[in-house]
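Residue numbers (my numbering), protein chains in the order written: chain P, 1 to 169; chain W, 170 to 483; chain F, 484 to 1121; chain B, 1122 to 1634.
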Amino acid sequence: MLRQLRLALQTGIVAEPAPRTSELERVGERLRTDILRRFGRSLHIRQVDAGSCNGCELEITGLTGPHWDLERFGLHFVASPRHADCLLVTGPVTRNMAEALRRTWDATPDPKFVIAVGDCGRDGGIFRDAYAVVGGVERVVPVDAVIPGCPPSPAALLAGLLDAIGRLG
Amino acid sequence: MIAGAALGLLQVFVVAAGAPLLVGVLRTLKARLVGRRGPSPWQPYADLRKLLGKDAVVSETTSWIFRVTPYVLTASMLVTALVIPVLVTRPPLGFAGNIVLLMYLFLLGTFFLALAGLDAGSAFGGMGSSREVAVAALAEPTVILAVFALALRAGTINLGGVVERVEAEPWLAVNPAHLLAFAAFFIVMLAETGRLPVDNPATHLELTMIHEAMVLEYSGRYLALVEWAAAMKLFLFLTLLANLFFPWGVTHLAEPVPVALGLLALVGKLAVLTTLLALVETSVAKLRLFRVPELLAGSFALAILSVMAVFLLR
Amino acid sequence: MARLGYALAAVLGLAAVGGGAAGMLGREWTLAVPWLVPLGGLELALDPLGGFFLALVGAAAVPASIYAIGAAGGAARGVGAYLVFVAAMCAVPLAANVMTFALAWELMSLASYFLVLHERERPESVQAAWAYAVMTHVGLACLLGGMLLLSAWTGSVRFADWRAGAPLLAAGARDLAFALLALGFAGKAGVIPLHIWLPLAHPAAPSHVSALMSGVMIKLGVYGLMRAGVDWLGGGPAWWGTALLLAGVVSAVVGVLYALVEHDLKRLLAFHSIENVGIILMGLGAGMLYRQAGLGGLALLGLVAALYHTANHAAFKGLLFLAAGAVVHATGTRDVERLGGLIKRMPWTAACFLVGAAAISALPPLNGFVSEWLTFVALLQNTQIAAPPLNLVFALGIAGLALTSGLAMACFVKAFGITFLALPRSDAAAGAREAGPAMRAGMALLVAACVALGLGPTVVLPRLAAVAAPLAGAGAPARPALGDWLTVQLSGDFASLSPLAIAAALTLGLAAPLVALRLAGASRRRRLYETWGCGRMLQTARMEYTATAFANPFKRVFDFFYRPAKRLDIEFHPESRLFVERIEYANPTRSIFEDWLYRPVLAGLHAAARSVRPIQSGSANLYLAYILVALIVLLVFA
Amino acid sequence: MEAGATDVAAGAPGTVEARLPAWHLPTLADRLAGAGASCQFVAAADARATTGVFALTYVFAPPTLRPAAIVRVAVPGAEARIPSLATRSFAASRFEREIHDLFGLVPVGHPDLRRLALHQFWPAGYWPLRRDVAPRDDFADEGQPFPFRRVEGEGLFEITVGPVHAGIIEPGHFRFSVEGETIVNLETRLGFVHKGTEKLFETLPLERAPELAERVSGDTSAGHALALCQALEALAGCAVPSRAAWLRVVLLELERLYNHVADVGMIINDTGFAFGHAHCFRIREELLRLNERVSGHRLLRGAILPGGVAGPVERAGLPEVAAVVERLVAEFGEIAQLSLDNTTVLERLQGTGRLTLRTARELGVVGLVGRASGIDADARRDAPFAAYDALGVRAVVYDGGDVLARTLVRIDEAREAARLIRAVAGHLPDGPTRAPLPPFDAGAEGFGLVEAWRGPVWYWAVAEGATRLARVKVVDPSFRNWPALEYAVLKNIVPDFPLCNKSFNLSYAGNDL
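Structure follows, in structure tokens:
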């Protein structure tokens, strides 16, 4: 316990300041309207891997670490789509995952929005033409925004998320 | 009568409104202790408000039990807020059944929540229910025995009476029986409110959850109520710990100034207990599921010892 | 014709309620027909204690008989035995001498024996009836033994004379008489370890009979314990009370533990009867201990708690058995693992079962809560006895009661949740239909009783206090101060109870979030969608929690008690153990009492029986006849 | 390299090779098994267009992969049947199922031919890895159930988890047969992220191949890129400059380091000890930033190319990098020690998810998981590649087989990685960092074998033309180890499963391809 406290004091809080710019690509107008109001202070995110190589997941997990600590912004990853406001989907969506992704989207209560993560999530990326790939996330569920990158860094992810709920800058 | 009603409302308000803050502070503290900045202490309010604005998705397998449960749960907590001495020693419903009622009010909530967990027919809900009732059933004897140890001294099982008695005889608080009972009750509190090392409130793994697994199907306003009730349960348990074992500040006067002081005292005591809880939670891991009964058996032994101490030291 | 019979039973029940109520209110009444029966003649007497149990029998018989009108569907089988059964149960608490009592008692046992044999085509039923007959008659032998001793020592077969004569007996004689009588009555009450017949017999009978057997017949064992231990023999030394209290703790905890791992719905309920008898005995034992210590007020409290719980158990256990009967009626199975989803198909039955489940789990503000509260309050005041070993016994009682109520809650979450919620686990459950109006009426009456007994302790308690006051010994107030119309106030400031206030507060508490949500402008939309299955399709009943699984944590925690025998059979591919072709798993529990008590005894008996082969025909009825003859011979020679 | 010994690792010449008629395979397998060599690798290629056969390549070797025998079998296109080795070698049974799925070759005598990569709704008779296959779009996922094994017994039921998990992890489906909490049987159903990666290598321009390899399993970018490059270099006969070989060690060890740190953090997090998790993730983030400084990419992508290395790594100040790594590893060691000193944490790890040496051997478990169960094999030491020969690697072996052992292997390997980076920094040779890759000869082939952080990654490439590939077979260690998880969790309780799973931390993407 004491060692633990000493270590905590030694390292201090390493959280980085909130990012100022994002590369979020908005799709459609929904994100500019009612969603901002509702989720500005509290956004619960369900992450769905619909076929990624795990690179995006690796960086998304990083968001929960002390450097990025997305909880300080009221963002939180949840266990069930029932609890979620936002689906953070990585792709390319494979044939084997398409139906599961659709069901996850259906299981999420309204109002909700979808952010596709990564170049693969946007359009399938390098896997676009593979035989077992359906394509980008928008081929399966309606996408409201895209955070590009391969994989996007935690900074980019955090900026994108904050941008989506209108809390950037 | 009117003063009593007003006090009742005030107690309910303090519990209902304060509970999310308590949970928020606890989360922030825990984050700080592990080197994160963590959410704002006010975050639970934002979460609840957001949830109220969401639609509910309800499994078509479920029955009315599923929909009624959040209300029953909330009601049982609100009634509990009228039963225990939060600000004053003689709360409005203090007469309605004393300590035993308290125990059964918590069981009432557990009963319905566990049923709701089974209602959707998913394995996760069943898992949560089965674990939750196991923990609740095994924690029960400790609750009643720990409080019995206190009641033995006070000559009443009226919670207010216990508080007044300990207040009148401060040296009681350093009595071994008292300390043992406190330890036993603290462990039971960890189990009943789903804290580490019994349940991990922050886990994301369906298979390890207890409370979270039962509420996995809830959404929107239902989820808001369930979360709110869970927060109230934590608040109530900590308040019980604070006021039964360290009763100073709880007033028997239904007047504004003593009540306000009582509130201040409560805030102070809760702050200390919350810090203690955060320290405990960050310094232990979650027990393997079937070690939990051993922990509860340990707390039961403490409670028995505490009762024995009363008999032997009288 | 059969319907008429059940209607007659209902009328008989009503009459019993009336008579019993009169007795409780203090109306004394006797009936003696000396010539009718040998050895003292027929003698019936009504006093408050007898009145209470008479009213209880009647009150339980009315809904059960109404239910039976629907459930039996005109089938005549068993109606005669049923009528005899109800009438005999009415007679037991009225019996005023040994012969009358023995007749009524034996008639009750015989009638119920035939009712247990209702489905005599099923081997389980025959086996259950056999175990029942044996245990009943072993019990009767104990009872008669005790009674004959008392008759011999006091020189009278009239119970009224024993009351006066008992104090004059030697302590050892009283102890012996009590031990014999207590064994006999405890066997009828299903106290551990004499419970062995109960989970076999109760489920085998038709459900309205199960309701009566669990609801009132075993309570007549409690009646006997009260009558013999407190009324005739005057409470006795501390070990009587201690023994009853400890037997109560053991029965309660062991009963509920067995119920937890049971997935035959009616057997589960039967095990809960053992548990509840245990709770009743805790109150009774505490009352006797207080009486012995000269604390009349507390003795009264203990006895009243026992009586209250007796009445409550009759209400909710009757209700549960009737509801379980409706389930069996609709699905043809008692196996919980084959049920599920019935709340959508049998909404009334489900609601009734839920009320019963909440009541037996002692959830406020229903009736189980009130009597468990009373029992707790009775136990908690043990500090007034300054004897640390006894205090420890009480502490054990408190812990045992708390553990029992927690486990009972767990068990009924399982019983209700697995039976009624989620998806049906078999075609039988999927095709279930709601019970008919008569059956629903029977259940509704008991629901009303659960609610009324829950909300009305301020009305009920003074009546029960009047019944128990003569038994509470020195220092018991004739009219205890119990508070006002709203609140029960006990032992000064020690404890108070107001189910009405709780009910009102809970109602407000239910309304508050509704109003709060409306005020906060919460969304009121609701969308139906499938259960979250992690993105997988097809939810099947195979993915639901089962009753076995639900009880698994308990099985692990209490493995020293259940001694589960894990068995895993795996068939491998002949050439590689890494390819599995079939897996079978079983993890049954074992009964300590059967393995360590009954099996050795039975083995001994079998050995003995082999030597008397010539008179052995294998017919259970013939055995019965032997036992009867033996008893009558015993009586005559006394 | 001694003459006659096989060195598939470096794809060097001098392999013991045999061509066999298919029906001799079982006999040969039995004989090799007697000598301690078991089936490590099976790949099929559709060569019907050129030679009229399906060409199968088997590699038999002991767990240390040396010496090895490569066996080639030709199966006439019209026959499309092979004798199954399934009951002799569990590893072979998995390769055969995959080949059955993707090529439509029937392994005769295989006891379990349920689908692996393609799910039930994929049309029958569609074998996507055959070269003459026509694209199809008649896919209708209507939830056709996978034929899971049903465990008989009263009260038993199935807990189904996934593909969409509660945590932030890849998709896979777990089906537990349980009696409440005790796991009686577990079956994993993977393939959810099957993307058709191997086929993509055939159509993608050659210069993008490393890019694709880096995305086979995102957390093993360097391992996969290196294995592919080694295969291509072997295929083309390209000698890598020694400076590049040494730098490759740095990249591979950096990858090992950040993954081990993260895994230990996640394992500790699953015990509910948030403190250890937070600090491990803090260190991981700093390691990822270091990766970016060294290679220009947080996941080390783009640095390893055929013929050498490229990008910032050429100019990286290695002594400085080594110093940072040492500081971070020291901190990591302290956190790990602090966590393991906590009895509540230790108690969760000890004895949980035990994989016995016997089971591990029978299943042919490789890499980190194998070393934690007492299988003393590490390709960096046993079949050295890059510059490991000169560095001398100490293989970390524990024999507990439980979660604790797998955690300890990671902690020790992290220390070893720091030592290796320090060693490279001290002795980095000068010279070029990249050699040109000669054009391929059609039909030439080459192996690449790399001990990545999870275990050995295999690449096998066949050239079609000067800059085209006819077939690339990828084997991630996850493919070999997934079945072991099903055995490790038996008799454990359901809530301990996530801990077992984390301690394996197998790749779904690498398995599904």
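Virtual Cβ for every residue (Gly too), placed ideally from N, Cα, C.
Residue from the options whose Cα sits closest to the Cα of residue i
| i | options | result |
| --- | --- | --- |
| Val-838 (chain F) | F:Leu-938, F:Cys-933, F:Asp-910 and F:Gln-775 | F:Cys-933 |
| Val-252 (chain W) | W:Met-272, W:Tyr-240, W:Ala-398 and W:Phe-235 | W:Met-272 |
| Arg-1515 (chain B) | B:Leu-1529, B:Glu-1534 and B:Ala-1526 | B:Glu-1534 |
| Glu-917 (chain F) | F:Ile-675, F:Gly-975, F:Thr-832 and F:Ala-1086 | F:Thr-832 |
| Leu-190 (chain W) | W:Val-426, W:Leu-217 and W:Ala-478 | W:Leu-217 |
| Leu-376 (chain W) | W:Arg-457, W:Val-332 and W:Ala-470 | W:Arg-457 |
| Gly-1283 (chain B) | W:Phe-480, W:Leu-374 and W:Gly-324 | W:Leu-374 |
| Ala-955 (chain F) | F:Trp-636, F:Gly-717 and F:Ile-701 | F:Gly-717 |
| Ala-915 (chain F) | F:Met-829, F:Leu-740, F:Trp-512 and F:Val-737 | F:Met-829 |
| Val-1337 (chain B) | B:Trp-1367, B:Ala-1143, B:Val-1593 and B:Arg-1235 | B:Val-1593 |
| Gly-135 (chain P) | P:Gly-118, P:Gly-91 and P:Asp-106 | P:Gly-91 |
| Gly-1564 (chain B) | B:Asp-1262, B:Arg-1296 and B:Ala-1357 | B:Ala-1357 |
| Ala-1498 (chain B) | B:Gly-1423, B:Leu-1186 and B:Gly-1198 | B:Leu-1186 |
| Phe-406 (chain W) | W:Leu-178, W:Tyr-240 and W:Thr-249 | W:Thr-249 |
| Val-226 (chain W) | P:Arg-6, P:Leu-2, P:Ser-80 and P:Leu-58 | P:Ser-80 |
| Glu-336 (chain W) | W:Thr-362, W:Pro-254, W:Ala-315 and W:Val-384 | W:Pro-254 |
Cβ neighbour criterion (16 or more within 10 Å) applied to residue i
| i | result |
| --- | --- |
| Gln-867 (chain F) | exposed |
| Gly-290 (chain W) | buried |
| Pro-963 (chain F) | buried |
| Met-484 (chain F) | exposed |
| His-1398 (chain B) | buried |
| Leu-1154 (chain F) | The requested residue 1154 (chain F) does not occur in the structure, where chain F is confined to residues 484 to 1121. |
| Ala-185 (chain W) | buried |
| Gln-864 (chain F) | buried |
Three-state class that DSSP yields for residue i in the structure shown
| i | result |
| --- | --- |
| Pro-686 (chain F) | helix |
| Cys-1621 (chain B) | helix |
| Val-971 (chain F) | strand |
| Asn-1128 (chain F) | One cannot answer for residue 1128 (chain F) here, as it falls past the ends of chain F, which runs 484 to 1121. |
| Trp-680 (chain F) | coil |
Inter-residue CB distance, residue i and residue j (contact presumed, cutoff 8 Å)
| i | j | result |
| --- | --- | --- |
| Gly-824 (chain F) | Ala-905 (chain F) | 6 Å |
| Leu-862 (chain F) | Gly-889 (chain F) | Rounded, the Cβ-Cβ distance is 16 Å, inconsistent with contact. |
| Leu-198 (chain W) | Ala-447 (chain W) | 4 Å |
**OP:** Pull out every residue of the region 1310-1339 of chain B whose Cβ sits closer than 8 Å to any Cβ of chain F, in chain order.
**Re:** Legend: CB atoms of the region 1310-1339 of chain B lying less than 8 Å from CB atoms of chain F are not found in any residue.
Subject >> Contact residues within the region 329-353 of chain W, judged by C-beta distance below 8 Å to chain F >> reply: Answer set for the region 329-353 of chain W: Gly-330.
**OP:** Report the residues of the region 786-812 of chain F with a CB closer than 9 Å to any CB of chain B, ordered along the chain.
**Re:** Taking 9 Å as the Cβ-Cβ cut-off against chain B, none of the residues of the region 786-812 of chain F qualify.
**OP:** With 7 Å as the limit, tell me which residues of the region 67-90 of chain P have their beta carbon closer than that to any beta carbon of chain F; keep them in chain order.
**Re:** Flagged, chain order: Ser-80, Pro-81 and Arg-82.
Original post:
In chain order, what residues of the region 207-218 of chain W put their CB closer than 8 Å to some CB of chain P?
Top reply: Within the region 207-218 of chain W, Gly-207, Pro-208, Ser-209, Gln-212, Ala-215, Asp-216 and Arg-218 place their CB atoms closer than 8 Å to a CB of chain P, listed in sequence order.
Original post:
Which residues, in chain order, does the region 1245-1266 of chain B contribute to contact with chain P at a C-beta distance below 7 Å?
Top reply: For the region 1245-1266 of chain B, which is checked against every Cβ of chain P, the residues closer than 7 Å are Pro-1249, Pro-1256, Phe-1260 and Asp-1262.
**OP:** Please name the residues in the region 1264-1291 of chain B whose beta-carbon is closer than 7 Å to at least one beta-carbon of chain P, in chain order.
**Re:** Those would be Pro-1284, Val-1285, Ala-1287, Ile-1289, Ile-1290 and Glu-1291, in chain order.
**OP:** Closer than 9 Å, Cβ to Cβ, to anything on chain W: give me those residues from the region 8-26 of chain P, in chain order.
**Re:** Near chain W, meaning a CB-to-CB distance below 9 Å, the residues of the region 8-26 of chain P are Ala-8, Thr-11, Gly-12, Ile-13, Val-14 and Ala-15.
**OP:** Can you give me, in chain order, the residues of the region 354-369 of chain W that have a beta carbon less than 8 Å from any beta carbon in chain P?
**Re:** Cβ contacts with chain P: none found.
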